[in-house]
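Working notes, beginning with the structure itself.
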Amino acid sequence: MAPERSIFLIDGQSFYASVEKAARPDLHDKPVAVGDPARKSGIILAACPIAKARGVTTAERVGEALAKCPDLVVIRPRMQTYISISLLITEIYESVTDQVEPYSIDEQFLDITGSISSYGSPEEIARQLQTHVQVSTGVWSRVGIGPTKILAKMATDNFAKKRPDGIFALPFDRLEADLWPLPVHQMFMVGSRMTRHFTRMGLAKIGDIARLELGEFKRRMRREMRKQSDIQAEYYWQTARGIDPSPVVPGIRNKLKSVGHGKALRSHLYRKLEDIEVVLLELVVEVCRRSRRHGYMGRVVAVAAAETDGERSSWFSRQATLPQPSSLTHEIAAAAHKLFVEHWTGLPVGRLSITLTELSDDDVLQLTLFEDRSAAYRMEKATDVIKDRYGSDALMRASSLLRSGVARERAAQIGGHYK
Numbered sequence: 223m224a225p226e227r228s229i230f231l232i233d234g235q236s237f238y239a240s241v242e243k244a245a246r247p248d249l250h251d252k253p254v255a256v257g258d259p260a261r262k263s264g265i266i267l268a269a270c271p272i273a274k275a276r277g278v279t280t281a282e283r284v285g286e287a288l289a290k291c292p293d294l295v296v297i298r299p300r301m302q303t304y305i306s307i308s309l310l311i312t313e314i315y316e317s318v319t320d321q322v323e324p325y326s327i328d329e330q331f332l333d334i335t336g337s338i339s340s341y342g343s344p345e346e347i348a349r350q351l352q353t354h355v356q357v358s359t360g361v362w363s364r365v366g367i368g369p370t371k372i373l374a375k376m377a378t379d380n381f382a383k384k385r386p387d388g389i390f391a392l393p394f395d396r397l398e399a400d401l402w403p404l405p406v407h408q409m410f411m412v413g414s415r416m417t418r419h420f421t422r423m424g425l426a427k428i429g430d431i432a433r434l435e436l437g438e439f440k441r442r443m444r445r446e447m448r449k450q451s452d453i454q455a456e457y458y459w460q461t462a463r464g465i466d467p468s469p470v471v472p473g474i475r476n477k478l479k480s481v482g483h484g485k486a487l488r489s490h491l492y493r494k495l496e497d498i499e500v501v502l503l504e505l506v507v508e509v510c511r512r513s514r515r516h517g518y519m520g521r522v523v524a525v526a527a528a529e530t531d532g533e534r535s536s537w538f539s540r541q542a543t544l545p546q547p548s549s550l551t552h553e554i555a556a557a558a559h560k561l562f563v564e565h566w567t568g569l570p571v572g573r574l575s576i577t578l579t580e581l582s583d584d585d586v587l588q589l590t591l592f593e594d595r596s597a598a599y600r601m602e603k604a605t606d607v608i609k610d611r612y613g614s615d616a617l618m619r620a621s622s623l624l625r626s627g628v629a630r631e632r633a634a635q636i637g638g639h640y641k
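Its first residue numbered 223, the sequence shown is counted upward by one per residue in the numbering used here.
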């Protein structure tokens, strides 16, 4: 019989805010939040424990946070810095085990089963990593320990985050005592909607689900949800019992199935086709660049748009199949433009996105009689090299300099936030 695994889910406390406070020792004893201080309607991305104690919460408006905590120091996010720190933390974890799977920018799974003989007990390893990360980055880590990823995650969220030492182990033989008495909304992946379903079913605690036979739980789920819910029932039943066969998998797990890019727009500025076309082309440029970076071409182009004039709203998503797979900007742009023009109702556009699917490797190129596609690819890949080295705005199409262009603004951001 294989030995029980020992898996960590390590979470960086108030990650963005912790990074900022580590960079600014003068803010050590002050309430700090990360958001855009120039936009009171913007949201708080992270708040340090001092700010949280004053009532500041993640995802609330900057103006609301300042009303609760007038001396709150709001710092504009630096996404590239946070990514670099996250990668450094990954390297620290990899000094103990090569089984490290990033879950988010501030959470990572580690399988330390094979490291126990060299580095000590799971709790000892957790303390070593906590110290190493804090000394190196200023970020305090909380460590959930379990025999499966799902139990490690719930150990972190429900217990380790509330303990002074930031460490909690949740083995199978402690589920009934520690996990099952918790309210059902504290189970992983149970939101407000599922909580209401479970409450109506008389399942107020995690243990109420875990103690049922699977067949009985499925029957109750079918009665409550009035649809096929067997897959959901099995997932929640297994989660309540800590069953999770998925391994810790380092690196990128799956081959890409699509490459896409979208942009939320101020709809009142995008009423005319000539303005929308600028953004449409910019999105195509970025999608094609990403596709080439990963070595793919796409056979199917999809365009999606949300339209609104404040009173009326509509949405469409349409796709077209190309004559041959491509990641050439002019070929994808022509197909995307045709799709948009055919299906746009004429309302102002509030969101626009482009997606390439049915991907294939770009090491085999379909030639045509009337165009040198090889030369076109060489030119586009040359521009990719320049952009990778000097930034996305090192080379831009002239249309991006128009008032309706968003490429220059996006070049200074990562994931919609400033670098």
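We put the CB at the ideal spot given by N, CA and C, even for glycine.
Residue i Cβ short of 7 angstroms to the ligand NAP heavy atom set
{"i": "Glu508", "result": "Ligands displayed in this structure: none; no statement on the ligand NAP is therefore possible."}
Simplified DSSP assignment, three categories, for residue i
{"i": "Glu529", "result": "strand"}
{"i": "Leu310", "result": "helix"}
{"i": "Thr417", "result": "helix"}
{"i": "Ala244", "result": "helix"}
{"i": "Thr303", "result": "helix"}
{"i": "Ser358", "result": "helix"}
{"i": "Lys262", "result": "coil"}
{"i": "Glu323", "result": "strand"}
{"i": "Leu425", "result": "coil"}
{"i": "Gln352", "result": "helix"}
{"i": "Met409", "result": "coil"}
{"i": "Leu231", "result": "strand"}
{"i": "Val522", "result": "strand"}
{"i": "Ala616", "result": "coil"}
{"i": "Glu499", "result": "helix"}
{"i": "Glu398", "result": "helix"}
{"i": "Glu329", "result": "strand"}
{"i": "Ala268", "result": "strand"}
Nearest-angstrom beta carbon gap, residue j and residue i [assumed within contact, 8 angstroms]
{"i": "Met519", "j": "Ser480", "result": "Contact flag wrong, Cβ pair sits at about 12 angstroms."}
{"i": "Leu487", "j": "Arg573", "result": "6 angstroms"}
{"i": "Val628", "j": "Lys494", "result": "Going by Cβ atoms, the distance from Val628 to Lys494 rounds to 15 angstroms, so no, they are not a contact pair."}
{"i": "Ala399", "j": "Ile389", "result": "Not a contact, Cβ separation roughly 18 angstroms."}
{"i": "Ile229", "j": "Leu332", "result": "7 angstroms"}
{"i": "Val523", "j": "Gln541", "result": "6 angstroms"}
{"i": "His354", "j": "Ile314", "result": "5 angstroms"}
{"i": "Leu544", "j": "Arg521", "result": "6 angstroms"}
{"i": "Ile367", "j": "Leu392", "result": "7 angstroms"}
{"i": "Ile576", "j": "His483", "result": "6 angstroms"}
{"i": "Glu529", "j": "Leu569", "result": "4 angstroms"}
Limits of the unbroken alpha helix (DSSP H) element including residue i
{"i": "Val284", "result": "284-290"}
{"i": "Val607", "result": "595-612"}
{"i": "Lys384", "result": "Lys384 -> no alpha helix (DSSP H), and no H or E assigned at all."}
{"i": "Val198", "result": "Nothing can be reported for residue 198, as the shown portion of the chain is limited to 223 through 641."}
{"i": "Ile272", "result": "271-275"}
{"i": "Glu199", "result": "The structure shown does not extend to residue 199, since the chain is modelled only from 223 to 641, so the question has no answer here."}
Cα-Cα separation, residue i to residue j
{"i": "Val412", "j": "Leu231", "result": "18 angstroms"}
{"i": "Met601", "j": "Thr567", "result": "36 angstroms"}
{"i": "Ser621", "j": "Thr551", "result": "14 angstroms"}
{"i": "Asp328", "j": "Ser614", "result": "26 angstroms"}
{"i": "Pro324", "j": "Gln330", "result": "4 angstroms"}
{"i": "Ile265", "j": "Ala255", "result": "10 angstroms"}
{"i": "Asp248", "j": "Arg448", "result": "57 angstroms"}
{"i": "Glu226", "j": "Ser308", "result": "29 angstroms"}
{"i": "Lys603", "j": "Leu478", "result": "20 angstroms"}
{"i": "Ser536", "j": "Ala526", "result": "11 angstroms"}
{"i": "Arg205", "j": "His516", "result": "An answer regarding residue 205 cannot be provided, because it is not within the stretch 223 to 641 covered by the chain."}
{"i": "Glu236", "j": "Ile372", "result": "Before going on, a small fix: residue 236 reads as Ser here, not Glu. Computed Cα separation, rounded: 22 angstroms."}
{"i": "Gln460", "j": "Arg433", "result": "11 angstroms"}
{"i": "Pro469", "j": "Ile453", "result": "20 angstroms"}
{"i": "Asp251", "j": "Tyr492", "result": "45 angstroms"}
{"i": "Arg445", "j": "Ala455", "result": "12 angstroms"}
{"i": "Arg415", "j": "His407", "result": "10 angstroms"}
{"i": "His565", "j": "Val571", "result": "12 angstroms"}
{"i": "Tyr457", "j": "Arg463", "result": "10 angstroms"}
{"i": "Gln352", "j": "Thr359", "result": "11 angstroms"}
Residue range of the beta strand (DSSP E) that includes residue i
{"i": "Tyr458", "result": "Here Tyr458 belongs to no beta strand (DSSP E); instead the alpha helix (DSSP H) covers 452-462."}
{"i": "Ile334", "result": "Per DSSP, Ile334 belongs to no beta strand (DSSP E) and is neither H nor E."}
{"i": "Tyr492", "result": "Counting along the chain, Tyr492 falls outside any beta strand (DSSP E), and DSSP gives it neither H nor E."}
{"i": "Thr543", "result": "535-548"}
{"i": "His483", "result": "480-486"}
{"i": "Val256", "result": "254-256"}
{"i": "Leu578", "result": "571-583"}
{"i": "Gly368", "result": "363-368"}
{"i": "Val296", "result": "295-297"}
{"i": "Ile389", "result": "389-391"}
- Are the stretch 418-429 and the stretch 438-447 touching by the rule of at least three beta carbon pairs closer than 8 angstroms? Verdict: yes, contact present.
- Query: Contact between the stretch 340-360 and the stretch 288-306: three or more CB pairs below 8 angstroms?
  - Reply: No, the stretch 340-360 does not touch the stretch 288-306.
- Message: Would you call the stretch 275-283 in contact with the stretch 311-329, where contact means no fewer than 3 C-beta pairs closer than 8 angstroms?
- Response: Flag = no, the stretch 275-283 and the stretch 311-329 do not touch.
- Please confirm if the stretch 356-367 is in contact with the stretch 496-508, defined as three or more CB-CB distances below 8 angstroms between the two stretches. The stretch 356-367, when compared against the stretch 496-508, does not touch it at the 8 angstroms Cβ threshold.
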